[in-house]
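For the sequence shown, UniProt numbering begins at 1 and goes up steadily by one.
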Amino acid sequence: MSKQIGIIMGSKSDLPIMAEAAKILEELGVSYELTIVSAHRTPMRMIEYAENARKRGLKAIIAGAGGAAHLPGMVASLTTLPVIGVPIKSSNSIDGWDSILSILQMPGGIPVATVALNGAKNAGILGASIIGAFDARVSETLEAYKKDLKGKVEESARDVETKGWRDTLDD
1 MSKQIGIIMG SKSDLPIMAE AAKILEELGV SYELTIVSAH RTPMRMIEYA ENARKRGLKA
61 IIAGAGGAAH LPGMVASLTT LPVIGVPIKS SNSIDGWDSI LSILQMPGGI PVATVALNGA
121 KNAGILGASI IGAFDARVSE TLEAYKKDLK GKVEESARDV ETKGWRDTLD D
């Protein structure tokens with residue numbers, strides 16, 4: 001079975017954040033590949049990755065980057081697949097804002113769906129939603145996931161309402 005989602009990042013230092021996308025995709029039963037592709041240090045690798053992603057069977061790409069964060073936009077310029085950008089607060093970051101704005105402010109014609117700073121888990125869920133639009137099994141798994149989230153919130157609400165907020169803080 002070919003991989004459905006590509007997860008790429010600019011450097012190994014992004015892996016602790018981007019691993020969250022891989023974890024949720026595994027939980028939701030969506031196949032993926034994960035690798036490092038730097039827009040600045042390995043531009044030819046980035047071009048080859050983006051231009052061949054569809055041929056390899058990918059349906060969407062999750063691209064995480066910190067600092068100048070060119071990877072998501074550059075990949076989006078090279079493929080017609082949906083690209084989900086994950087801004088990463090890196091060691092050279094201006095509190096993450098440089099990454100957020102670099103990914104969010106794409107020119108007309110080159111859209112990149114952008115999640116929150118360090119929001120790779122949500123990028124994985126969005127990627128699964130893209131797959132789920134055409135795959136009933138993934139859609140059902142997402143429905144169960146969201147139903148579970150709802151149940152957890154309702155349980156928390158009952159705890160706060162019955163125990164009171166002070167006693168709930170101790171849990």
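Positions of the beta carbon are idealized from the N, C-alpha and C atoms, including for glycine.
Assuming residue i contacts residue j under a Cβ cut-off of 8 Å, what Cβ separation, rounded to an integer in Å, is found between them?
i           : j           : result
residue 128 : residue 34  : Contact doesn't hold; Cβ gap of about 15 Å is too wide.
residue 61  : residue 8   : 7 Å
residue 72  : residue 112 : 5 Å
residue 99  : residue 88  : 6 Å
residue 32  : residue 12  : Contact doesn't hold; Cβ gap of about 17 Å is too wide.
residue 96  : residue 20  : The Cβ separation is near 16 Å, so there is no contact.
Identify every residue that forms a DSSP beta bridge with residue i.
i           : result
residue 60  : 5
residue 114 : 85
residue 66  : 88
residue 32  : 5
Within the continuous alpha helix (DSSP H) that includes residue i, where are the two ends?
i           : result
residue 85  : Counting along the chain, residue 85 falls outside any alpha helix (DSSP H), though it belongs to the beta strand (DSSP E) covering 83-88.
residue 79  : Residue 79 -> no alpha helix (DSSP H), and no H or E assigned at all.
residue 125 : 120-132
residue 17  : 15-28
residue 43  : 43-52
residue 151 : 136-163
residue 103 : 97-104
Taking Cβ positions, are residue i and residue j nearer each other than 7 Å?
i           : j           : result
residue 53  : residue 86  : no
residue 131 : residue 59  : yes
residue 50  : residue 80  : no
residue 65  : residue 108 : no
residue 67  : residue 38  : no
residue 104 : residue 114 : yes
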